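Residue numbers (the working numbering): 9 to 141.
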């Protein structure tokens, strides 16, 4: 008999926050708004119910959270310091983990090596204050 512990609501919320951060802070630096809109239509970083390998268990939630955090760290580091081979390996490993659990992330590290919008101004960016929202 195997005991499985369900993920907590806080973990689920944190996963959602990390995905929102990717859309509002990472993607606008590298992609134009029209492409980000296509990502939403393609359900990038949104697990499909019929295809969910991540079945809301505690250990899998930790893996998804860790992978999202690692991808964010790698992409922010590349933006600041430039690309190094180690980052490519780390990126590929974490993309594979996300894809295993049903979170579509169809990008390669090469797509994040050139900044298209250094200011990150986009309709997907978070507003600077509540009056701009």
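For glycine and all other residues, C-beta sits at the position ideal for the given N, C-alpha and C.
Being a predicted model, the structure only gives us computed values, none of them experimental.
query: DSSP three-state label for residue 59, please.; result: With a pLDDT of only 49 at residue 59, under 50, the local geometry of the prediction cannot be trusted, and no value is derived from it.
query: So is residue 100 buried or exposed if we call it buried at 16+ other beta carbons inside 10 Å?; result: exposed
query: From 84, 97, 115 and 98, pick the residue whose C-alpha is nearest to that of residue 37; which is it?; result: 84
query: Would you mind sorting residue 117 into buried or exposed? The rule is 16 or more other CB atoms within 10 Å of its CB.; result: buried
query: Hey, how far is the Cα of residue 113 from the Cα of residue 10?; result: 31 Å
query: What would DSSP say about residue 6, mapped onto helix, strand or coil?; result: Here the chain comprises residues numbered 9 to 141, so residue 6 is not present and cannot be evaluated.
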